[in-house]
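Data first, discussion second: the structure below is written as structure tokens.
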Amino acid sequence: MKITEILRRRGHIVEMRFDDGTYINLDKSFFETLTFKAGDEISEDKANELEDASDLLRCKNRAFYYLSNSSISEKKLRAKLLKTGFAQWCVEEAINRCKELGYINDENYALRLKEKCDENNLSNRATKEKLINSGISTEKAKELCVYDSLFEQEKIRNLIGSKYKNRIYETEGVRKVTNALIRGGFTFSDINSVLKLDFESSEE
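Per this note's numbering, the sequence shown runs over residues 1185 to 1388.
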């Protein structure tokens, strides 16, 4: 095939057109490492090889971009890359490279996310759901989120002392706060234990 035209498109794409009416899109930075110009001959296999190499570079760069902006799990990263339109093989190679470089570590990610949930006083149930929804396996989420009644009660106290400190003394405040905490995943038993020890019912 003969290269008939090389066009710079919006963004970082260069379009290489051939005399048989076909074309390939290449990443601009990748194209700039090549020496091809209009009029050069290129085989179909070589053109496909260039396009695959360019796609892989773009996929890796996109993965690095996602990881530089936020810590995400391997599962979430894979879903984001596939949604962008990259081929499965390309996504898997990009993810493997990220793992080789230490950019993806689901174990550390899960631990950091668990710590963040605890700092925000999320219930054990809500934390487990958060981990799973963030791409952590159900098995790992269950392993990290072991129910501890005393720890749950500590988080309930923290929430009542900050988020609900005024609301609990309103009319029917105890009932409303109790319902809110239950919706947040705390058990009635843990909530009731805290209220009996630390608060008097505003309805008495």
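Yeah, the Cβ is synthetic: ideal placement off N, Cα and C, and Gly gets one too.
Predicted, not measured: the structure shown is a model, and the values here were computed from it.
In whole angstroms, what is the alpha-carbon distance linking Ser1385 and Gly1369? Because the pLDDT at Ser1385 is just 47, under 50, the model does not fix this residue reliably, and the value given afterwards should be weighed accordingly. The straight-line gap from Cα to Cα measures roughly 21 Å.
Val1330 (DSSP reduced to helix, strand or coil): coil
Indicate the three-state DSSP secondary structure (helix, strand or coil) for Ile1226 in the structure shown. coil
Can the beta-carbon of Lys1212 be found less than 8 Å from the beta-carbon of His1196? yes
According to DSSP, simplified to helix, strand and coil, what is Ile1340? Three-state DSSP puts Ile1340 in a helix.
Any idea if Val1330 is buried or exposed, counting beta-carbon neighbours within 10 angstroms, 16 or more meaning buried? exposed
What does the alpha-carbon distance come out to for the pair Asp1290 and Cys1274? 20 Å
With 16 other Cβ atoms within 10 Å as the buried cut-off, status of Asp1239: buried
Hey, how far is the Cα of Asp1382 from the Cα of Lys1283? 48 Å
Could you tell me the distance, in whole angstroms, from the CA atom of Arg1262 to the CA atom of Phe1202? 33 Å
Which residues DSSP lists as bridging Lys1186, in chain order: Glu1225
Those residues which DSSP pairs with Asn1292 across a bridge: Asn1292 is not bridged to any residue.
Could you pull the start and end residues of the alpha helix (DSSP H) that Glu1354 belongs to? Segment: none, Glu1354 is in no alpha helix (DSSP H) and carries neither H nor E.
Buried or exposed, going by whether 16 or more other CB atoms sit within 10 Å of the CB of Glu1225? exposed
Option nearest Ser1318 by Cα separation, candidates Asn1305, Cys1301, Leu1266, Arg1246: Checking every option, the nearest Cα to that of Ser1318 belongs to Cys1301.
Determine the DSSP secondary structure at Phe1202, reduced to helix, strand or coil. Phe1202: strand per DSSP, three-state reduction.
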